[in-house]
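Notes follow once the structure below has been shown.
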Amino acid sequence: MSQFLQSIFAGVTVGATYALAALGFSIIYNASGVINFAQGEFIMLGGMIAAFLVALGAPLALAVVAAVIVVAAIGLIVAKTAVEPARGADVTTLIIITIGVSMVLRGGVEVTMGKGGHALPPFSGDKPIVLAGATILPQSLWVVATTLVVVAGLALFFERTRLGKGILATAHNRLAAQLVGVDTRRVLSVSFVLSAALGAIGGILIAPIANTSYDAGVMLGLKGFVAATIGGLGSGVGAVAGGVALGLLESLTAGYLSSAYKDAAAFVIVLVILLVRPSGMFGAASSSRV
Amino acid sequence: MRSLFRATLAALALAAAGSCALAADPIKIGAVLSVTGPAAFLGEPELKTLQIYVDKTNAEGGLLGRQIELVSYDDGSEAARANSFTKRLIEDDHVDVLIGGTTTGATMGMYPLVERAEIPFISLGGGVVIVEPVKKWMFKVAHNDRMAAERVFADAKKRGLTKIALLSETSGFGQSGRKETLAAAPKAGVEIVADETYGPKDTDVTAQLAKIRAIDGVQAIFVFGLGQGPAVVAKNIAQLGIKLPVYQTHGVASQEFIRLAGEAAEGERLPAAAILVPDQLADSDPQKAIEKDYVALYTLKTGSDISTFGGHARDAFFIWKAAVERAGSVDKAKVRDEIEKTAGFTGTGGLVTMSPEDHLGLSASAFRMIEIHDGKWKLVP
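Keeping their order, the protein sequence lines are chains C and X.
Each residue of the first sequence is one higher than the one before, starting from 1 at the first, in this note's numbering.
Each residue of the second sequence is one higher than the one before, starting from 1001 at the first, in this note's numbering.
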């Protein structure tokens, strides 16, 4: 029983970070139809910048807030300088641009902050909490709780604010949105800022548990993309469900089948989903996105 | 009169040879190293170390009166690229010796070209496959993964631990280590009660550890991984409150591991080269002076922490340099033969005595058992 619970704890924690990455993918996909392969880099940047600031002597809370703001600004710069100028190009070109952006970001961090790994101190100690024989770190609770808050906040943003509704409208039909006066170019910038901030939050939350380095974003970004695919690209509920499902699947495979099949299990599920439900669990093409 | 004439002639000849050599091309060392990418923490100190000793040798008058030039390429930790750089080093740069292949994969990718070009090659990779079976032109300075497993088992048995859970990384290093560990266990009288793996970029290994914890009679955990992964494992072990003794390998023998794992690394043991603990060696230890000298020079020139991996590059350089001095030329076949005759060489990795059957020449005693204590490396007596 304690082993089962331990696998669940591990799965939910990791799944929550996948969910944040998947949300980032979905938001940009909705706004532009582009799969942003620099999403993993936003995750890495969050963790690295926070760790860097803490190493310089900044208080943890300040470092965290500053890191999110800096990464959001980087997201804006990426949107303005790399994606927007190529607005007319087809989606494949834009995707290749995001791959280029990811290389630039990764290389930039490698040169300025070094190739070594960095640790971020946990937010509230590292004394594990024992629950029915299984243990969970306070940091894991932070990860899960923050993800819940962020998801709730996003839901409110998309349903209650003019800007959020504008993004939704653009996702459904860009031309129609333009006709009714939605500034679709602003939508693109906002979606990059949102995604970058989401990525940064995920990267910061997971850094005390898993450490971070300049190349930490590659795998997290890939898993986030897988989670988004499972849940259905463009669907907010799908991103969260896909992330948690992927995390649970990985940890249960590692705990009960064999750890050697852990990553294979994730990719098998993607294949199955793509065959059976190409639009993902929640991604019915006609239903509302985000 | 006649002897005077001879002496003059000899002196003239020497002078001519000397000036010839000065005008002659420098001796070229070709290196393919993983200076960027996941194996950068191995390749970067290797490159810096080579450069330090090439510069030092040149400042002291060079080798055989000639200057040494280091031509190096970065394979970005991609084994496939090591091969094309090797081709360039051999065909365009016309190097006299090859050092490198930071990883076992890169080394094995380079070797076919090396064999065809018949050029002496000293690898810095760790896999046992580099020297078993022996390959004519290839030598190795880094400890074998099998030696690490044997050293761990010897120490575990001394503490009365015979049921050991293995947790290996899915990287090349971890998988080669896993194979060697499973092979070495029966011979050492140790039972491997669990055989789990984790990915080098995994952020959570608690599922595997919970499984290991549930096994009856497990007495110790042996983690076979490189770089950051083992730090996550160490943290997860602490999180689960597992009190079993933990062994790591030489793959974590850099200060970064202690920094990342923090308190979770306390009490963990690992087999590693004496370079981690130069000050704790006995004064009579032949390695003491060499380790202290290298550590001082490296820290002075680079300002960064020492790691065992740069030490491998140092050993490779000096084994080659001594071979060239003995051969009196950089003739490739002669140098190869002399490298093979290396005997009683004291390096940062241990005492090296090679033979036609052994192109590594390190004994198991080259590994010291080290415990992490108060955030520092401590030699286990």
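For glycine and all other residues, C-beta sits at the position ideal for the given N, C-alpha and C.
In chain order, A22, F25, S26, A239, G242 place their CB closer than 7 angstroms to the CB of A228(C), counting only its own chain and leaving out the 5 sequence neighbours on each side. Per DSSP, reduced to three states, the secondary structure at E250(C) is helical.
A264(C) and G40(C) have their alpha carbons spaced roughly 20 angstroms apart. Residues of the segment 1210 to 1238 of chain X with a C-beta less than 9 angstroms from any C-beta of chain C: A1210, K1211, R1213, A1214, G1227, Q1228, A1231, V1232, K1235, N1236, A1238, listed in chain order. The segment 1152 to 1163 of chain X makes contact with the segment 1209 to 1225 of chain X; the number of CB pairs closer than 8 angstroms reaches 3 or more.
In this structure, the beta-carbon distance from M113(C) to M219(C) does not fall below 7 angstroms.
In terms of beta-carbon proximity, T146(C) stays away from the interface with chain X, with every pair separated by 7 angstroms or more. With respect to the C-alpha of G1172(X), the residue from T1102(X), V1380(X), L1281(X) having the closest C-alpha is T1102(X).
Taking the Cα of K115(C) as reference, the smallest distance to any Cα among F42(C), N211(C), V68(C), D215(C) is reached at D215(C). Taking 9 angstroms as the upper bound on Cβ-Cβ separation, chain C lies near residues P1038, A1040, F1041, E1044 of the segment 1038 to 1053 of chain X. Its chain contains V1134 as the residues whose beta carbon lies nearer than 7 angstroms to that of E1357(X), once the 5 sequence neighbours on both sides are disregarded; these appear in chain order. CA-CA distance, Q6(C) to P1230(X), rounds to 19 angstroms.
About 5 angstroms separates the Cβ atoms of I1099(X) and A1031(X), confirming a contact at the 8 angstroms cut-off.
Judged by beta-carbon spacing, H1359(X) lies within the 7 angstroms limit of F1139(X), meaning their Cβ atoms are closer than that value. In this structure, the alpha-carbon of L179(C) lies about 53 angstroms from that of A260(C). When C-alpha distances from V70(C) are compared across A86(C), I97(C), L53(C), the shortest belongs to L53(C). Note that the C-beta distance between A1289(X) and G1349(X) is not below 7 angstroms.
If you check each beta-carbon in the segment 1159 to 1191 of chain X against every beta-carbon of chain C, the ones closer than 9 angstroms belong to L1167, T1170. At a Cβ-Cβ threshold of 7 angstroms, A1238(X) and Q3(C) do not count as neighbours. At least 7 angstroms separates the beta-carbon of P1120(X) from that of R1368(X).
When beta bridges are read from the DSSP output, T212(C) appears opposite H118(C). For G116(C), the C-beta contacts it makes with chain X under 7 angstroms involve F1041, E1256, in order along the chain. T1249(X) places its beta carbon 7 angstroms or farther from that of L1276(X). Only those residues of the segment 236 to 268 of chain C whose C-beta falls short of 9 angstroms from the nearest C-beta of chain X are listed: G247, E250, S251, L252, T253, A254, G255, Y256, S258, S259, A260, K262, D263. Taking the C-beta atoms as reference points, L56(C) is found no nearer than 7 angstroms to T147(C). In this chain, the alpha helix (DSSP H) harbouring G40(C) covers 39 to 55.
Within the segment 1219 to 1284 of chain X, the complete beta strand (DSSP E) segments of 3 residues or longer fall at 1220 to 1224, 1269 to 1272, listed in chain order. Counting along the chain, G1030(X) sits inside the beta strand (DSSP E) bounded by residues 1027 to 1033.
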